[in-house]
Amino acid sequence: MSWLRRSLFSRRKIYGELSEEIHAHIEEKTEQLMADGMPKKEAEAAARREFGNLTLMEEDGRDVWRWLSLENFLMDVRYGLRMLRSNPVFTVVGLLTIAIGIGANAAVFSVVNSVLLRPLNYPTSQELVFLHQVAPGAAGLADFQNGLLLSPSMYFAYSENNRTFSSIGVWDTGAASVTGVAEPEQVRVVTVSNGVLEALRVAPEAGRWLSAEDQEPRGPSRVMLSYGYWQRRFAGDRTMIGKNIQVDSQPLQIVGVMPKGFRFVDTDFDLIEAFKFDRAQQILAGFGLHGIARLKPGATIAQANADITRMLPIWMDSFSNGPGTNPHIYETWKITPMIRPLKAEVIGNVSEVLWVVMGTIGLVMLIACANVTNLLLVRVESRQQELAVRAALGAGWQRIVSGLLVESVMLGVMGGMIGVGLAYAGVRALVAFGPANLPRLSEIAIGGRTLIFAFAISVLSGLLFGLIPAFKYAGPRTTLELRSGGRTISVSRERHRARNLLVVGQVAMALVLLVSAGLMIRTFAALRTVDLGFTDALHLQVMRISIPDLLIAKPEQVTRTQQAILDKLSAIPGVKSAAFASEMPMEGFGAGWDCIFLEGVKYDPDVIPPLRYFKDVSPGFFQTSGARLVAGREMTWTEVYGARPVVLVSENLARELWGTPRAAVGKRIREFDSRPWSEVIGVVQDVRENGVQEIAPETVYWPTLMGMKYQLEAPVSLDAQRSVTFVIRSDRAGSASFLNEVRQAVWSVNSSLPLASVRTMEDVYAKSVARTSFTLVMLGIAGAMALALGIIGIYGVISFIVSQRRREIGIRLALGAQRRDVLEMVLSQGAKMTLAGVAIGIVAALALTRLMAGLLFGVTAYDPLTLGTVAVVLMIIALLACYIPARRATKVDPMVALRYE
Amino acid sequence: MSKEKQRDLFPGALEMMILRTLKRQPLHGYALVQHIKRNSDDLLQIEEGSLYPALQRLLKEELVKAEWGVSSTNRRVRIYKLTAAGAKHLEREVSRFERMLEGITRVLSPEES
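Just so you know, the sequences run in chain order A and B.
Reminder that position 288 of the first sequence reads as 288 in my numbering, one-by-one numbering, no gaps.
Quick note: to get my numbering, add 1000 to the position in the second sequence (first position is 1).
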């Protein structure tokens, strides 16, 4: 250790002492010689002669103390910096190429890291699970993306009987209006059962959690606030805790505030309310709640699945669907738990997109590296003289190789530093333009792990593009002669091979990326041609209005208020028509669904008929949204207010039940035995309710005012749909002045009604295809970068070859070759490389694009049209890139070229 | 790592002579050189300067230690002294050298039959 300390900290002192000692030596010697009678000048010279090479001796003495490899390394760094400075064009081009590559990689990695790799923001979040279950035996249900949600009775059965969960609960999202503070406002509400907050285990910022007592059906209603809502509405006032706010015209006492940054699974919210289930009133059905649980430490998902399977019979034994029903009818549904880690639920289907994007960006990085390798090869070639001189002066090949490597790694690291800067900007852009449904968007940031990643790929890529030139030109077998000035020597085929291979690789990788981008374009085009079930989305204004029963109690009055709003809206200049429905397609507010029974059909009581999607609509809804009526007609206001039993169905449902749409008109259906038969008066085209890529569900369209749905018990009371989406067809949709008039129109009917989710159908549509368009944009950028880099690569290599073969071309021309022949010769060289690249690329694309099959729609991963088009376009562009240097080759003046000799 | 400067001597010879000389008495660089030259009756042609890299190596390996002192000519000089490790090293080297020398001598001497 002592030598290390000495060598590191007191080397300067050692060198000083050595120098002093040597000079003392010479002085003493001189003195001695003078004492022997020699004149001073002669004595000095003799002393030095006797001593030997003073500088060398001193240096040798110092060398003893050196930490040689480190010092050599530092020297290489200094030298490398000097070389980079001395060749600014090369440095800037190289740096930019690397910076863009590393920047893109770091940006995408930070997204992958934040979204996919980092654990969720809850304590020991790996214990949190989402209680997903499927029911393959339930016809109709397979169409719904969420599988089988939980019913309140399931919640009771699971939470009372489980052995594997430390806490378990259910939750649902919704909206409510808050009044009495300022303008009426629609807020986002999460309603939770006991066990949910306990599972998430995030302590409140102020006050307390909602507790079991807040769940009492007849107890006082209480509420928690999100940090954001608390700040926005009450400026973070702690005295608000214990006070009441008016939610849906009902006073709720605030008991606590959740901390900043707390998100409920993957949703932002304003209020948390408690469910008030009356256990005694629960039936088996009502599958509409999301289940969440925390596993006991050490419990596995497999054990939890087994636990739920064990509890399903308990659930069926403990509850029923009413007298005379068979609770074990659900055995035919084959309910199967498929518990997932909560993280998988939050990330959803986006992980595939992110990995594909990460992979493509990685390919771009490889192409960038190939380009820089080419640059370095060219440069090392022109530096052969210098390397030869260094070798002649005694530098070992290891020393020269390490020097070159240090230089390229430095280039990589410097490029990486610029790249991280670019990544900061890139991430900001990504968060701004990324898909709105990208989970954990707010958590995305460039952190330590991303910086380490960026540094690692900087060094790695530096080594990658430095190794080939270094070993090619400074390897142990290469003995360079000083005399070879490179001018008179023709470049051997062998020397070009590395560069040619790189270009072939670049073309192949560019082809793969362009094919993926092409497939996404085809997907997007296919999505655009889908008949959605609404038209001209840009001119469809939608907004959501809820009328709480404490504001207007009587159902009929609710519908009359809604109709009054429609009348006011229709009076706004530029409005063609207006209507409302329980929700618009792709809005995702949560659907209602149940079975229907046909008149004149015998049903087996032990079989549950297929579930159908239920929607409530106002008269004129289909005409406004643009859905075609395949047969029959829409309902009228008279029928609505008269509670006339009329109904419309979707075309696919009509075909399934009655064969043709026309045959459906006049037939009668009902939800329960206790209800009147409803007559089918119209058939509507299929509507893509769940998204462009999802098949249209079989749908029943009920009048907005009718007997209470989903509830078996008599007496049947009249019920109105209180939360509806208003649709307005107008060329002015989306403009600020129009929205202002819309608000005034609504408030002129009732001033305490808030408007929520105000947007055009185009926004809804864009959000629904956000995943696809995000992938398209990312692959498009990657493809464009790959194409640009590949073209630069092929152009650079052909240019270089032409400049190296000037003399040869000159001779050919002098011997009578036509310029056409020269042009062909150069072009064919480029064409050969491109063809090889395209061929390899097609094979690679066939293998790799299969990975993105899940992202495609309406096109297969091996789409011959895309492959063919990309291959041809790439060939043409590559040949154009070769044409410019080839033209230059034909301009070679034989005399000038030969004069070099 | 270290590039041995081979003048007329085999590697390690200079170091051995330094250690041997220092075993008798501590000396500073100049005196050390004069001592070696004189004792070899000027048979060995060593560059005076080559002593210093050798001394640095010995210092680093802690076979000698150095202290600043004043020479007989009243100059500030570094006086080198043998360490215990140096003495042991010298013994080992000398016996190794003697064996080597014996071998060489046997080969070079006229054959006895």
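C-beta atoms are modelled at their ideal positions from N, C-alpha and C, and glycine is treated no differently.
Might you give, ordered along the chain, the residues of its own chain that have their beta carbon closer than 6 angstroms to the beta carbon of residue i, omitting 5 neighbours on each side?
i: Ala470(A); result: Val401, Leu404 and Leu405
i: Thr325(A); result: none
i: Leu197(A); result: Trp209
i: Gly1012(B); result: none
i: Cys369(A); result: Ser461, Leu464 and Phe465
i: Met520(A); result: Thr775, Leu776 and Leu779
i: Ala138(A); result: Trp333
i: Asp143(A); result: Because the pLDDT of Asp143(A) is 46, which lies under 50, any placement of that residue in the model is unreliable, and the number read from its coordinates should be weighed accordingly. Excluding sequence neighbours, Asp143(A) sits near Pro697.
i: Ile565(A); result: Val746 and Val749
i: Val507(A); result: Gly790, Thr834 and Gly837
For residue i, return the contacting residues in chain B, with the cut-off set at a CB-CB distance below 8 angstroms.
i: Gly52(A); result: Glu1047, Glu1048, Gly1049 and Ser1050
List, in order along the chain, the chain A residues whose C-beta lies closer than 8 angstroms to that of residue i?
i: Arg1078(B); result: Glu17 and Glu21
i: Thr1073(B); result: Glu28 and Glu31
i: Pro1053(B); result: Met57, Asp60, Gly61, Asp63 and Val64
i: Lys1065(B); result: Simply none; closest approach about 12 angstroms.
Beta-carbon within less than 8 angstroms of residue i's beta-carbon, same chain only, minus the 5 sequence neighbours each way: which residues are those?
i: Met34(A); result: Lys40 and Ala43
i: Gly485(A); result: Reliability fails at Gly485(A), whose pLDDT of 45 lies under 50, so the model's placement of it is uncertain and the value that follows must be treated cautiously. Answer for Gly485(A): Gln385, listed in chain order.
i: Asn500(A); result: Val797 and Met833
i: Thr1021(B); result: Leu1027, Leu1032, His1035, Ile1036 and Asn1039
i: Ile100(A); result: Ala368, Gly419, Leu422 and Met785
For residue i, return the contacting residues in chain A, with the cut-off set at a CB-CB distance below 7 angstroms.
i: Gly1029(B); result: Glu21 and His25
Below 9 angstroms on C-beta distance, what does residue i contact in chain A?
i: Gln1056(B); result: Ile14, Leu18, Asp60, Gly61, Arg62, Asp63, Val64 and Trp65
Would you please state the rounded distance, in angstroms, between the beta carbons of residue i and residue j? I believe it to be under 8 angstroms.
i: Met57(A); j: Tyr1052(B); result: 6 angstroms
i: Ala199(A); j: Val257(A); result: Wrong, their Cβ atoms sit about 19 angstroms apart, outside the cutoff.
i: Ile919(A); j: Ile608(A); result: There is no way to answer for residue 919(A), as the model of chain A reaches only from 1 to 901.
i: Ala106(A); j: Ala454(A); result: 4 angstroms
i: Gly780(A); j: Ala526(A); result: Gly780(A) to Ala526(A), Cβ: 16 angstroms. No contact.
i: Leu514(A); j: Gly783(A); result: 5 angstroms
i: Met586(A); j: Gly80(A); result: About 56 angstroms; that fails the 8 angstroms criterion.
i: Val569(A); j: Val758(A); result: In the sequence on display, residue 569(A) carries Leu and not Val. The pair is not a contact, with the Cβ atoms about 13 angstroms apart (cut-off 8 angstroms).
i: Trp397(A); j: Gln1056(B); result: With 8 angstroms as the limit, Trp397(A) and Gln1056(B) do not qualify as a contact, their Cβ atoms being about 29 angstroms apart.
i: Val687(A); j: Ser768(A); result: So it is not a contact: roughly 13 angstroms between Cβ atoms.
i: Ile468(A); j: Leu342(A); result: Their Cβ separation, rounded to whole angstroms, is 47 angstroms, which puts Ile468(A) and Leu342(A) out of contact at 8 angstroms.
i: Ser799(A); j: Pro885(A); result: 4 angstroms
With a Cβ-Cβ cutoff of 9 angstroms, do residue i and residue j count as a contact?
i: Thr904(A); j: Thr267(A); result: As displayed, chain A neither begins before 1 nor continues past 901, which places residue 904(A) out of reach and without an answer.
i: Leu753(A); j: Ile572(A); result: no
i: Met316(A); j: Leu271(A); result: no
i: Phe726(A); j: Val542(A); result: yes
i: Leu1027(B); j: His1089(B); result: no
i: Ile308(A); j: Leu131(A); result: yes
i: Ser110(A); j: Val356(A); result: no
i: Ser193(A); j: Tyr227(A); result: no
i: Ile792(A); j: Ile457(A); result: no
i: Pro703(A); j: Glu599(A); result: no
i: Tyr613(A); j: Val700(A); result: yes
i: Gly286(A); j: Pro152(A); result: yes
Could you tell me whether the Cβ of residue i comes closer than 9 angstroms to any Cβ of chain C?
i: Leu1059(B); result: In the structure shown, chain C cannot be found, because the protein chains are A and B.
Ordered along the chain, which non-local residues of its own chain (more than five positions away) have a Cβ less than 7 angstroms from that of residue i?
i: Arg888(A); result: Val802
i: Ala947(A); result: For residue 947(A) there is no data in the structure shown, the boundaries of chain A being 1 and 901.
i: Arg390(A); result: Ile400
i: Val914(A); result: This structure does not reach residue 914(A), given that chain A is present from 1 up to 901, and the question cannot be answered.
- [ ] Return the residues of the region 1079–1102 of chain B that lie within a Cβ-Cβ distance of less than 8 angstroms from chain A, sorted by chain order.
- [x] Listed in chain order, the positions of the region 1079–1102 of chain B with a beta carbon within less than 8 angstroms of a beta carbon of chain A would be empty, since no residue qualifies.
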